[in-house]
Structures are given as structure tokens and as C-alpha cells.
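First comes the structure, then the notes that go with it.
There are 4 protein chains.
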Amino acid sequence: MIPLCIADVARLAGERLPQGVRDFVDGGSGDESTQAANRTALDRVRLLPRVLGGTGEADTSTKLLATTAGMPVAVAPMAYQRLLHADGELAAARAARDAQVPFIISTLSSCTMEEIASVGGPVWFQLYWVHGRDTVLDLVRRAEQAGCEALVVTVDVPHMGRRLRDVRNGFSLPSDVVAANLGPAPVSAAHTRQAGSSAVATHTALAFDPAVGWDDLAWLRGQTTLPLVLKGILDPRDAERAVDLGADGVIVSNHGGRQFAAAVPSVTALPEVLDAVGGRCSVLFDSGVRTGMDVLRAVALGADGVLCGRPVLWGLAADGEAGARLVLELLHTELREALLLSGCPDLAAAGELRTVHV
Amino acid sequence: MIPLCIADVARLAGERLPQGVRDFVDGGSGDESTQAANRTALDRVRLLPRVLGGTGEADTSTKLLATTAGMPVAVAPMAYQRLLHADGELAAARAARDAQVPFIISTLSSCTMEEIASVGGPVWFQLYWVHGRDTVLDLVRRAEQAGCEALVVTVDVPHMGRRLRDVRNGFSLPSDVVAANLGPAPVSAAHTRQAGSSAVATHTALAFDPAVGWDDLAWLRGQTTLPLVLKGILDPRDAERAVDLGADGVIVSNHGGRQFAAAVPSVTALPEVLDAVGGRCSVLFDSGVRTGMDVLRAVALGADGVLCGRPVLWGLAADGEAGARLVLELLHTELREALLLSGCPDLAAAGELRTVHV
Amino acid sequence: MIPLCIADVARLAGERLPQGVRDFVDGGSGDESTQAANRTALDRVRLLPRVLGGTGEADTSTKLLATTAGMPVAVAPMAYQRLLHADGELAAARAARDAQVPFIISTLSSCTMEEIASVGGPVWFQLYWVHGRDTVLDLVRRAEQAGCEALVVTVDVPHMGRRLRDVRNGFSLPSDVVAANLGPAPVSAAHTRQAGSSAVATHTALAFDPAVGWDDLAWLRGQTTLPLVLKGILDPRDAERAVDLGADGVIVSNHGGRQFAAAVPSVTALPEVLDAVGGRCSVLFDSGVRTGMDVLRAVALGADGVLCGRPVLWGLAADGEAGARLVLELLHTELREALLLSGCPDLAAAGELRTVHV
Amino acid sequence: MIPLCIADVARLAGERLPQGVRDFVDGGSGDESTQAANRTALDRVRLLPRVLGGTGEADTSTKLLATTAGMPVAVAPMAYQRLLHADGELAAARAARDAQVPFIISTLSSCTMEEIASVGGPVWFQLYWVHGRDTVLDLVRRAEQAGCEALVVTVDVPHMGRRLRDVRNGFSLPSDVVAANLGPAPVSAAHTRQAGSSAVATHTALAFDPAVGWDDLAWLRGQTTLPLVLKGILDPRDAERAVDLGADGVIVSNHGGRQFAAAVPSVTALPEVLDAVGGRCSVLFDSGVRTGMDVLRAVALGADGVLCGRPVLWGLAADGEAGARLVLELLHTELREALLLSGCPDLAAAGELRTVHV
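Here it is, written out as C-alpha cells:
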């Protein structure tokens, strides 16, 4: 089967991955209803296309924070990509580079941020607030040094969501997949297989500071001139607070249904966050994006762009760098076509499309 | 099985057609959610019948633009009908003639418009905006000459929607099915089978002008006195612009779910288009009509009539001209009964029926 | 299996009836979506029970028009009940008598109205407007003579809905089942089996006057002092007109989904009819009642009572008079329990229950 | 399988219990639609988590009426727990004690209230209004004596809901399971197996006073200084009346779908009850709680806490005291995580979370 859409890639990945890794990638927290609700809510957003645009062109390019991008998509930060393919983040980052989209390096990447940055595409750094401001600052300085164009602080993981699939599988990292940015030592917990528990969750509980608060973010804001983005915002009151803090962007996300198990669908939360922000910072959308039509949905609702996560992992699993590239090409092709078919020469026009909730 | 409803005809057609053609007819673009949403939305429109009409008669006749019609239905423009039956458009046009409904000749008809017009029923011409205003004008002049009573310009295909079934099937036209109005040459791309791509889409990309805009339509308006109808309007702002341009009608349509893959269900878009138009031009409804009850739904919501597409192709596939005739007879029988059972002596009364969205 | 609810009785009936009769009873018109929508809409009506009623009693008795009834239920008028059991309407009427509920004799009953009335329970007569005011008047006079306590004029059958199951089955009446009130002659069409058509529909088309109108009803109002009820009202404008005519009641009904195939669910139409009528005449509810909880739903919404149809036929099919009695006992038991559990000592209290649409 | 969530425990219990007991526990009244609607409605309540709480702590402790509790959960009063495990209520009460949550002793407990109270955890007493104020008062005095910290009067069982599973099974209590608080005699009816009827329902009909009313409650209010809670309130008018009576709390409940078969989902009724009460008494939520996320849903909507019923029985069935403990631990773990992941250091913060109905 030649994959014609991301659903095809997901099927291929599902066939190729061992169950433990597949479940680690595909699973959500609790009853996984948040994941399902993300898709249901996206499917119900329908658009009113315009006609007779008069150009026959559709320019998908945009600016995401300080980064010029070929389309309003960034590769979401995702841990341990070498689980999917030996080339891990390097393969995915090359695909992102070729698609001209930011690759967001996870704190828990299995290649170092410096290696990934050396691929040559635009990169952002995602920060998990690990214990110790010194360690945090060290990661930030390395990110600045490596040329990261934005700093994405994940704010929805004070604690890892309980992902039952990983617990059932007693999932742990294989020895050759490490948290490369953190050095091999602290991640040893993630390698210690234990029946009835997720080693990755154990490691997270050890490594992350669960008490990170707005004060810490204010401190961080003072430490760097990189564009600062808060990932995992759903409540408009938090979005406003992020703006007041001086954040350059917020990412409306429920972590793909992997964290808070009773969360609102991400796209349901988007309009009020946009209202609260009122254009004072960038707003990106995350959680559930599977097609270029989804990208257009988010843009039509007012988002500046989206993050795409699991699909890139499925691409890696299906065919390494080529698979990741295919995923991004599919998104681009679909988005471009969706713009053409909705009469939008560019993303600004797309922002004027009307949406209906069916 | 004697087919008692269009669903029966669809089943028969499904049994008789080779997969490639069946998929070409039945498929939609992207995840095919627009198609499904069309039906769901129609099914949710329920009507409040009136009682004691006092006549026992139900007059389904109406005027569709300049054409007197036996019922408020036109056969939608559909390409290459010889794929379904050797007699192709001639068979379907004869059925339409006998049902006294306009047959809308596709630019991509597999019999020439002159042959189809010679069948003797009311015909309209559907224009795909091919490259070159001269070629466009030539088609329009031929349509005028052939006695077409309206000119339907399809405005939702600047580019062909990505129909995965055709791509998977590597669908191409058999050599004996040609775009008869355009001559055999330009359509050669549509005959070139290529694994992993739709030859029909390739041809479209070559033949159609993706940059057609409102200016082109204004120019066309100046070139002909035929009633001018824009097909593929969903946004009320476009409907207003069509009125301002001097269009005689708009067709609210999402191309049966074959074009923009995240489109609003057609019937969901209808009320606002009707409001925007405010009676200043005709409004026809297209996409998803499968029963006479659907025709009544559209009329009760305020439409002047509907287009019916795939069912006529299923009729052709099931039994050629007789099959197409059966489909139109079923629609007429069902519509007539629906009028009787909703206490409406005619379509004007039907326009006063109340609707509920359940 | 001992049947514990009407769904159990339906299953039993389904096992015992030949397909033709089962389909005649269970089928609806067109795509049968109206039938399905009736149930979905009823299921979504949820009630807020009250507590601490303080009596431990639940009085289900009421007055339905001029008839004192043991519960707010009448047996709906249904044709040809000898199809279900040799005792036909006599069996059902005996069950109704014992349950103290009105049995509504159909114009098309397979026992004569006089025989049915002689059973001794309260009976009403349902009038199909057959050709000729003399014939109509003759039926009305016979009904008066026989002691019928109300006259129910069915206004939603100017023409019989197209019930595909009957057409597929080529359904016709067996020779020993006749329209007893009309004499054997006129119903011969209903006995003439013809492939691809419903003999019952053929007979209806011959026997009924499709042009019956408000004037006819006004004439009828002047001919009898019996309480006059119009069955098959869904639009509040018709309900008002019925009141203006001097009707004593309206029955909100879509004929169990057997007539107009795109009709609103009956319970969805009920509140606006109640508003329009404003207490100026009785309002009964019909179409979809399957449990005592459904009876309470209708009463809580404001109806004076309900008609129950198919369940009684299922009872007849399952076990003749005993089966019909069981059905009415189940309804009574369930209604009584529902009143007790919603804290209502009587139906007046039930009318004050709050409803929620989920 | 190690049970990781209550759904796992339910599966285990389902495997271990004989059908009669399983159906007695799992069944609802009538068509069991109320049960299903409870879950559907809860699943549709989605929350907007907050971020950057800044503490990393989540304090689940609270006060439920006069009782200090480790989390806002009480074990719902449930009859005859020795059906599930030989240790019955003693096992469950020990689990509740260890989880620091109130165990609500049923009037129909199969161990005496004194035995259960001697376990040493906080206990409340649930009163079914049996015949005779003397008997009622005797139960209340024993409850006071035994150290019960609240008196929960169930007001939604003037009569037992018709649970078809029990009737089909001819369910009766085994001889070694008795209504220990009432002495062996009166419950003999519950031990008399009879085909086609539920012995438990028969006993209820004999033992309970169906005529209990607001006057009785007023009298009871005057008899005891224990916090008085009314369980089974859904209509806000009843909630107000409870407040006026001097009740200390109301429990919004439809008895887990076991009583009034057309009841509103419990969570749908909650907001209006909260509005009506306006903080003048405690409001607890019951019916459908299966996860810690559900506890948080109720708290976010404004409830002071929840009752959890069937899950504790499943725990007993799966593994006695350990199983019940596991269920309460799962709820606690999930609630604690849900608080952490929604940025709430405590339940007061949880009360400020916004909810969305999808």
C-alpha cells in the first residue's frame, strides 16, 4: 500500500512497531476519552469555502514566531524518537528542515539538541521544567547556543498522566535510547523495567519539578530573549496570564490526550483562548491534527498555526526520514489543496473563512 | 429485486460496476466526511406536515430559471456518463426529457452537447472554466446554439479534490470514453493510466484554469443573455456577490463531497445563503439528494429546486435509460406523495412548511 | 420467556407472525426514519422526579374526553386486527375494557363496530373519510348508535404512505379478513395480491377521499354532538384551526411513522401544539409509546393522554386477548410505578413534573 | 490482569459473581436507559485544566458534613454486601476506614450497624423509612449510639424500581444473607425464591412505608441532632424544600438508574440543584461515578463530594477487603492526579475549574 493519507501511515506504523512502543505512542491517559474527544470535536468543525479566488495559487508560507515556515505547522516536541527508528530525531528533523517547518526538540530527545540543530532546519527547544533552576538555565543556554529560535515551555506536565497501556505493558526504554540532553545517568529509571508500572512515568516523577509555577516562568522570561511559548494552555485565564507575563505565544493543547484525562477537546478551547489573547501573542493549536484540513480548521478559527505530533512518529516508524517527510508532504499537499478549494490565496484569507460546528 | 427506492438502485449499480468506476462515482475527497455529513444533516431536517389540504392533488410542476419543469429537480452535471452505460448522456437525457426536468450537460460529457440537446428535453450547459477565454466563449456559443436554456458555471473546481479511491485504483478513462465537447486530444491525459495517481485529476489540472475569478464571471455575464447560474456556493458572502454580478441563480453545493474535504454540509449552508440572496435570484440545492422527501426538505427550507446527481448514474449503471428513468420516477412519486402527505397542493404551499432540526 | 416489558412482547410477536403480517405491522413509510426518530426523541425526554409525595398511592385514572379511563391511554385505531389473531378486535377490545381504557374502533376493523361495542368497554370510533358524505354520515350514525363516546377523524391519510415492506412482500389481506364495517365488496382490492404492490394501499386509494378538507370537517362538526377529535396533527397552525372548528381534541401523531416519511418526531411537535391549543381542547399524544414511562413523558409535557398502537397488536399476535391484556397491564404497572417513583399521587401532579431534553 | 482502573475491577467482578448477584448489582430499572444516560452525561462534561499551580501538591482532603475525609467521596449505602463477599460490609468499611472516607451503612446491611461501626472508620447511617415511626426512631437511636456521624434518608424509594433482571432471574437472597439491622424475621420474604418475581422487591414492598412525606421528615428533623441528608433529590424545588426543612445536605442521585426509569441523568440535574440550594446546605453527587476524574467533574460543577457505589461492590466481589481498598485507592490516585494535572492544589481550587458540555 502506498500511503495516501496520514491514516495510511498510522496503519503502516501499527504493523511495524512492537506493541510496547506502539502503545507508548498511541496511548492516552485514563480512559483515553480526551484523545477521542479531540478528533470528534475537530471533525465537527466544518468550513464554508469561498469561490473564484482568482489566483490559482495557494501560498502556505507563514511566520511562526520568529521563524519563517513553509506552512503553519511545527513538529511537536516528542520524547525518545529513536524508539521509532534508529535515526530518531535526526531523521525527523531532516524531514522538517526539508518541509521548512520548525522542529521542536524535546527536553527528552534521544539525540542531543546540538546534533539535531546541526541538521540545519529551524529548531525550537521544548523545556520540561526539571529540578533545579541551574539545570533549567543550562538547558536554555544550550538551546540559545545551538540556534534554537524559540523556547517552548511545557506547562501541562507537573506530573505524568497515567497511561494505562504503558503500565499494563510495564513499558521501559531500551538501553540504547537515552535522554541525550540530560546525560545517561538521570534517565536510568526510565530503563528499569518493572511489571505493573511505567518506567517512563517513574523517570518523569524523579526528573521534573512538579511545583513549577508562574513565578518560575517570570524568572525564566527574565533570563532569555528567545521567543517564549507556553505549551498546554486551555483555560483563557491562563492565556491572559501568559500574555501578562510577556509570553510570545501560547499553544492550546491537551497534550494529545496524554495528560489530564477529563480535559476539554483542544479545538473546543481554542476560540476562548483566542478571544482572551486578543492578538497580543501568537496562538498555536495542538492535539489531534491529522490532515491538512485540520490545519486549515485551526487557522480558520484564528490560530497562527498548529503542532503535529504522532503522525511524524508514525512516519518515522513506517519509513524513517522518508516516512517523516511523507507525513509532512501530505500535510502540505492537503493544506495547499484545502486553500485552493476554499478560495484562499494565502493564510490571511484562510483566517477569514467562516466555520460551523455540526 | 425490483428497486423501490434509490437506495435499491444504488445497490444494483454497486453490483454491476467494476470497482474503478464504482469508486469514481461513489467516492469523495479526503476522508469522505463531507459526503457523510451531507446525509446526516439532511436526515436531521424534519418537517411538520399540514393536514386537510382539501384537494387531493399535488402539483409538482415548477419553473426552474427559464425552464418549465415537471418537478423541482434538475439532473446534475456529471462527467463521462458513458462510463456507466454505452448510451451515456443520451440515455440519461432521454430519461430527463420524459420526466420533464432539465438535464445539465457537463463540459466533460462523453457525448457532445449537440447530440444531447437533440434528445429534445430541456438542457442546460455546465461550464468548467477551461484555459482560454476563447475556448470558454466557444463552448458558450455552442451551448446557446444547441438550445441550452441556462448556463451553469461550476465555481468550486479551481483544482480537483483529492479523491483517494481514484488514486488507489490508478483510475483512468477507458479509450472509448472521451470528453466529447473538447475533442479527443486534450483529454489524452485522462486516458493514461498511472499507478498511484488519478488520470482524471491529471487531466483536470491540465485543462482547467485554476485562476478563474469574479472578473472572469463578470466578463462572461457580458457575453451571453442565457440565465447564468453559479454552482458551488456555500458562503453567503459569495451568494451576495453572485447576485451583484447579475447571476440568475446560485446552486448551494459542496460538489457531493468530492471537492473541499472539510466543507459544511450543503443543507446546513442553505438557510444563510437564502437569507443573503433574499429572493434576488434563484437558489438551487445540491449534494446528498436521495429521495423525494429530500426535494421537499430543500423546498421547505426555501430552495427553488434541487440537483440530483449520483442517483442518475446509479440508474444508468443498473439499467441504462430505463434505470435513469426509474430514478427520476421514484423522485417524482416520492415528492408527489410527500406533498400529498404534507397537505401541500403545490410547491408554493411546500415553501410554507415548517422545518425542525433534530 | 415470560414477557416483562413490551419489548419482550414484540419479540414474541415477531417469532409468531408470518413475515408479511409482521412487516405490515412493524413497517413504516419510506426509509422508516420517522419511526426511528420517534423513539430517539422520546428516549431523550428525561424527567425530574419529585420526592416525599406522602401518599404511597398513585391514581392513574383520568378522563379522556367524555370517557372515564383507568389510565391516560387509549388503544389506537388499527385496521384488520384479525390479521394478528382470529378474535381480532374483539380480543383487543375485551382487554381494553378490562383495563378501562377506550378502544378506538378503526373504520377498517375486521369485526363490525357493533360487535366490538357489544364487548362492553368504552369505545370510540375512528373515521377514515371514505368517498361520499352519505357513507361518512352512515358510519357516524352507526357509531353514535353503537354507543361510541367520541369520533376520531384521521386527517393524515389523504393517501397511504408508501410502505416499502408491503410493496416488496406484495402484501394483501387473506380472504377471511375483511373491512367489516364497509361490507365485503369495496375491500376486494385489498385481497388481490399483486407482486410489487401493496393491495392495502390499492384499496385505500380507491376507498378514501383524498380531497377531504377543513370544510368537510366543519360540515361533520355540524352533524354530530359526539366529541370530535382530529388525529394526525403536528403543525400548531393546524391545531389552532381544529380548535376554531370546534374540535374537542387533537391527537399529535405522525401515524407511527407510516405516513409522511420526513415527519418531525411526534414528541418534538407536542410542546408547540400544546402552546397553540392553550387548553382550549384535549391534546392526546401518539406515535412511539412503548412503556408506561412514555405515557408519563407525554403527560409531563402536558398531554392529556396517549394512544398506544403496535404494542396491542404484538400482544394479540403473542397470545390473543391475554396478550393484549398483558400489554395494557404492563403499561398500567409501569405508569403506576413511574408515578410512585416520581412522587406523583395522580396525573395532575405528573403534569407539573419538569422535563429535560438530553 | 492487575486491575488498573475501576473498569478492570468491574470485569473481574463480572467473572467471579454468579449471574443472579451480578445482575442484582449491575442492573437498573426498566430499560436501564437512566444508567446509560448517567455515564453519557458524565463523559460529556469536560474540564479546562489550569497550569503552573506552583505547588506540586494536591490535597484531596475535605470535610463532608461533620466528617473529616481523605477525599470528597463516601461509600454509597448499599444493601446486603455479604452477597459479594463473606466479610460483606465489614470488609468494605475497613477499606473505607483506611481511605478515610465515610462508609454509609445501609438500613439493609447484612452486618449490623454496630458491627460495622466497630471497624473504626467514620460511618453514616442510611435510613429506609420502614413502617412505624417507632421502628424508624429505634434505628436512628441505634445509629446515634453507634457513632454514626450523619443520617442519610433515602427519599427515592417509596417503592422499589422494577428491575427486570432480578425478575427474570427470580432473584432472592441466600439464607445466610440477612437484613441484619432489622432482625431475621421481616426479611424472610427476601429469601423466598419465586419464579418471575424479585424477592428483594417483595420484601421492600412489605417493609418500607411508601407514604413517607415531608411531614415525616420534619418530624425526624426534630428527633435528632445528627446532620440530616436527603438522598435522591433531582428537582431543585425539592432541594429548596429540603433546605427549608433544615436538612444539612442533599444527595443529587437517581439511585444509579435503579429507581425511576425515565430519570434525568444525575449530573444534568446537579447545576440547578446547586443554584437552588445556594450554599445553604451540602450538596453531594451520586450515580455513575467510576473514576477520580468523575469526582473532579462533580467538584468542579460545585458539589461538595460524591458517593461511590457499585465500584466498591465490584471490589468486594473481586477480592474482598483488598478489592474494596483497591477501588478507593484508584479513586484517590486518579483524583489526586487529576488535581495535579488541572493545576489545583486543593478542592477549593477545583471548585473554580471551568466545565464545558461537549
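Chains as they are written, first to last, in the working numbering: chain A, 11 to 368; chain B, 11 to 368; chain C, 11 to 368; chain D, 11 to 368.
Every residue, glycine too, gets a C-beta built ideally from N, C-alpha and C.
By Cβ distance below 7 Å, which residues in the same chain neighbour V177/D in space, the five residues on each side in sequence not counted? Excluding residues up to 5 positions away in sequence, G206, S207 and S208 lie with their Cβ nearer than 7 Å to the Cβ of V177/D in the same chain.
Measure how close the beta-carbons of R56/A and A272/B come, nearest whole angstrom, since I'm counting them as under 8 Å. By a beta-carbon distance limit of 8 Å, R56/A contacts A272/B. Their separation comes to about 6 Å.
Would you list the residues sitting across from D69/D in a DSSP beta bridge? D356/D, per the DSSP bridge assignment.
Between the Cα of F295/C and the Cα atoms of P281/C, G288/C and A286/C, which residue gives the shortest distance? Of the listed residues, the one whose Cα sits closest to F295/C is P281/C.
Grab me the residues of A17/D's own chain with a C-beta within less than 6 Å of its C-beta, minus the 5 sequence neighbours each way, in chain order. The answer is none, since no qualifying residue turns up.
Check whether chain B comes within 8 Å of Q155/C, counting only Cβ atoms and requiring the distance to be less than that. Not an interface residue.
Can Q29/C and G38/C be called in contact, C-beta distance under 8 Å? Contact flag unset, no.
Is D41/C close to chain B? Criterion is C-beta to C-beta, closer than 8 Å. With 8 Å as the cut-off, D41/C counts as an interface residue toward chain B.
Out of H265/A, G353/A, F270/A and A308/A, point me to the one whose CA is closest to V35/A's CA. That would be H265/A, whose Cα lies nearest to the Cα of V35/A.
Within the 8 Å Cβ cut-off, does D329/C reach chain D? No, its Cβ sits nowhere closer than 8 Å to a Cβ of chain D.
Take V162/B and list the residues in its own chain whose beta-carbon comes closer than 6 Å to its own, dropping the five residues that flank it on each side. Cβ within range, chain order: I114, W134, Q136, V239 and K241.
Can you pull the chain B residues whose beta carbon is under 7 Å from the beta carbon of C15/A, in chain order? Residues of chain B passing the Cβ test: L174.
Other residues of its chain near V322/A: CB distance less than 6 Å, five sequence neighbours each side excluded: Excluding residues within five positions, the ones whose Cβ falls inside 6 Å are V85, A102, A334 and V337.
Tell me whether S276/A sits in a helix, a strand or coil according to DSSP, three-state version. Correct three-state label for S276/A: helix.
Excluding the five sequence neighbours on either side, which residues of its own chain have a C-beta within less than 8 Å of the C-beta of G130/A, listed in chain order? Cβ within range, chain order: R107.
Cα-Cα separation between A327/D and D53/D, rounded to whole angstroms: The C-alpha of A327/D lies about 26 Å from the C-alpha of D53/D.
Is L345/B closer than 8 Å to M11/B when the C-beta atoms are compared? It is not a contact, given that the beta carbons lie outside the stated cut-off.
So V299/D and C318/D are supposed to be a Cβ contact under 8 Å. How far apart are they, rounded? In this structure V299/D touches C318/D by the C-beta definition: roughly 5 Å separates them, less than 8 Å.
Residues bridged to T77/B (per DSSP): Paired residue(s): L74/B.
Taking T235/C as the reference, give the member of T301/C, G256/C, G330/C and A360/C with the closest Cα. Among T301/C, G256/C, G330/C and A360/C, the Cα nearest to that of T235/C is on G256/C.
Quick one: is T65/A near chain B, going by C-beta distance under 8 Å? Answer yes: the Cβ-Cβ gap between T65/A and chain B drops below 8 Å somewhere.
Using a Cβ-Cβ cut-off of less than 7 Å, list which residues of the stretch 237-267 of chain D approach chain C; keep chain order. From the stretch 237-267 of chain D, only G242, I243, L244, D245 and D248 have a Cβ closer than 7 Å to chain C.
What residues in the stretch 267-289 of chain B have a beta carbon less than 9 Å from any beta carbon of chain A? For the stretch 267-289 of chain B, which is checked against every Cβ of chain A, the residues closer than 9 Å are Q269, F270, A271, A272, A273, V274, P275, T278, A279 and E282.
If you count every other CB in all the chains shown that lies within 10 Å of the CB of W139/B, and 16 or more means buried, which is it? By the neighbour-count rule (16 or more Cβ atoms within 10 Å), W139/B is buried.
With 8 Å as the limit, tell me which residues of the stretch 330-356 of chain D have their beta carbon closer than that to any beta carbon of chain A; keep them in chain order. Listed in chain order, the positions of the stretch 330-356 of chain D with a beta carbon within less than 8 Å of a beta carbon of chain A are T343, E344, E347, A348, L350, L351, S352 and G353.
For Q136/B, which three-state DSSP category applies? In the structure shown, the three-state DSSP call for Q136/B is strand.
In chain A, which residues lie with their C-beta within 9 Å of the C-beta of L227/B? Per Cβ cutoff of 9 Å: L62.
Continuous beta strand (DSSP E) stretch holding R56/A: start and end: V55 to L58 is the extent of the beta strand (DSSP E) around R56/A.
Could one say the Cβ of P28/B lies closer than 8 Å to chain A's Cβ atoms, at least one of them? By this cut-off, P28/B is not an interface position.
Considering only their Cβ atoms, is the gap separating A51/B from F270/C smaller than 8 Å? In this structure, the beta-carbon distance from F270/C to A51/B does not fall below 8 Å.
Check the Cβ of R203/A against every Cβ in chain D and list those closer than 7 Å, keeping chain order. Neighbours of R203/A on chain D: none; closest Cβ ~15 Å, over 7 Å.
CA-to-CA distance, V277/B to D329/B, given in whole angstroms: When rounded, the distance between both Cα atoms is 30 Å.
How would you label W324/C, buried or exposed, when you count the other beta carbons within 10 angstroms and need 16 or more for buried? A buried status is given to W324/C, since no fewer than 16 other beta-carbon atoms sit within 10 Å of its beta-carbon.
Please determine, among L58/C, D41/C and R21/C, the residue with the shortest C-alpha to C-alpha distance to V262/D. Each of L58/C, D41/C and R21/C was checked against the Cα of V262/D, and the nearest Cα belongs to L58/C.
Looking at T78/D: is its Cβ nearer than 8 Å to the Cβ of P355/D? P355/D sits away from T78/D, with the two beta carbons spaced by 8 Å or more.
For G206/C, which residues in chain B fall below 7 Å Cβ to Cβ? Neighbours of G206/C on chain B, chain order: I12.
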